[in-house]
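Notes follow once the structure below has been shown.
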Amino acid sequence: MLPVLEKHATRDAGQTVTKEEPVTTPVIRVVDLWKIYGEETDGSMALRGANMEIARGEVLALLGRSGSGKTTLLNLLAGLDRPSRGYIEVEGRNLQSLGEKGRTLLRRTRIGFIFQFFNLIPTLSAFENVYLALELAGKTTPAQAFEALESVGLKGKEKRYPHELSGGEQQRVAIARAIVKAPALILADEPTGNLDTATGLQILELLSSRCRDLETSLLMVTHTSMACRFADRVLRMVDGVVIPEDDGEAREIRNEKIESGFPAEKPRHHR
Numbered sequence: 001m002l003p004v005l006e007k008h009a010t011r012d013a014g015q016t017v018t019k020e021e022p023v024t025t026p027v028i029r030v031v032d033l034w035k036i037y038g039e040e041t042d043g044s045m046a047l048r049g050a051n052m053e054i055a056r057g058e059v060l061a062l063l064g065r066s067g068s069g070k071t072t073l074l075n076l077l078a079g080l081d082r083p084s085r086g087y088i089e090v091e092g093r094n095l096q097s098l099g100e101k102g103r104t105l106l107r108r109t110r111i112g113f114i115f116q117f118f119n120l121i122p123t124l125s126a127f128e129n130v131y132l133a134l135e136l137a138g139k140t141t142p143a144q145a146f147e148a149l150e151s152v153g154l155k156g157k158e159k160r161y162p163h164e165l166s167g168g169e170q171q172r173v174a175i176a177r178a179i180v181k182a183p184a185l186i187l188a189d190e191p192t193g194n195l196d197t198a199t200g201l202q203i204l205e206l207l208s209s210r211c212r213d214l215e216t217s218l219l220m221v222t223h224t225s226m227a228c229r230f231a232d233r234v235l236r237m238v239d240g241v242v243i244p245e246d247d248g249e250a251r252e253i254r255n256e257k258i259e260s261g262f263p264a265e266k267p268r269h270h271r
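Here it is, written out as structure tokens:
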């Protein structure tokens with residue numbers, strides 16, 4: 001898809017010069033997204049008109065306590081569930097218009113996943129876990145799997161099985177599995193939830209830096225603030241609504257420490 005050109009007028013030596021700059025389509029665009037379980041009149045509302053965009057190559061942290069709607073949003077972004085109202089665009093394509101086969105193909109080729117408990121196949125080696133993701137994406141180049149493992153610091157450990165690796169090493173395999181197919185977006189659900197603090201920080205540094213190197217968008221969903229220092233932007237999920245971190249309501253929630261485990265200080269952002 002060719003980028004749309006947007007015209008901007010500037011002044012140069014007293015003359016007005018019109019420059020054309022490309023306007024890129026967001027990798028993810030969420031518009032007025034609702035998810036209601038049960039009847040609309042008396043059902044349980046998991047999402048209440050959520051809106052958000054993720055730019056290409058952007059690293060985004062989404063914070064929220066348990067039950068705030070984070071997991072529901074992830075399932076909808078992955079095309080594993082359908083919204084009650086609203087829509088999601090992935091690289092300019094309406095997710096629901098793709099159909100079930102189209103959404104499955106999208107997950108295999110354009111979206112990578114990282115989970116709290118790694119979700120590696122225990123009977124496959126580190127290399128085989130990564131290579132399987134390539135095969136499902138329709139690619140059969142073993143060298144890519146080896147390169148992905150090397151890029152996350154696992155050269156020499158390709159033949160090891162998950163039980164032979166530490167928690168941090170297993171999550172490195174999961175990162176390699178997610179990036180090997182060169183996806184447009186990686187969805188990371190509590191990527192450090194099963195790791196100690198020091199290892200978690202290493203994983204977040206590795207994950208965010210690899211995504212920036214590859215210009216892959218990253219959405220990290222978590223209930224702790226550790227991921228904030230590695231994010232370009234921070235959003236909060238509060239009662240099914242996405243709120244920017246610099247929004248007054250989000251600041252009030254942070255300052256009152258309603259969400260357990262969140263520090264009162266504003267997290268740092270690094271590019």
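Mapping the sequence shown onto the UniProt record's numbering, position 188 (from 1) lands on 188, and the numbers just tick up by one. The C-beta atom is built at its ideal place from N, Cα and C for all residues, glycine as well. Remember, predicted model here, so these are calculated numbers, not experimental data.
Does the separation of the CB atoms of residue 80 and residue 90 fall below 8 Å?
-> no
How about residue 73 and residue 47: do their beta carbons lie closer than 8 Å?
-> yes
Find the nearest neighbour of residue 113 within the set 216, 31, 227, 165, judged by alpha-carbon distance.
-> With respect to the C-alpha of residue 113, the residue from 216, 31, 227, 165 having the closest C-alpha is 216.
With a threshold of 16 other CB atoms inside 10 Å of the CB of residue 118, please say whether the residue is buried or exposed.
-> Buried: at least 16 other Cβ atoms inside 10 Å.
For residue 155, does the count of other Cβ atoms within 10 angstroms reach 16, so buried, or fall short, so exposed?
-> exposed
How many angstroms separate the CA atom of residue 175 from the CA atom of residue 126?
-> 11 Å
Based on Cα-Cα distance, which residue from 30, 184, 52 lies nearest to residue 214?
-> 184
My understanding is that residue 148 touches residue 121, with C-beta atoms under 8 Å, so please give their C-beta distance in whole angstroms.
-> Contact flag wrong, Cβ pair sits at about 16 Å.
Residue 129 (DSSP reduced to helix, strand or coil) | Secondary structure at residue 129: helix, using DSSP grouped into helix, strand and coil.
Under 8 Å between C-beta atoms of residue 61 and residue 228 = In this structure, residue 228 lies closer than 8 Å to residue 61 by Cβ.
Could you give the C-beta distance for residue 219 and residue 188, rounded to a whole number, given that I count them as a contact under 8 Å?
-> 7 Å
Any idea which residues DSSP pairs residue 66 with across the strands?
-> Looking at the DSSP assignment, residue 66 forms no beta bridge with any residue, so it has no partner.
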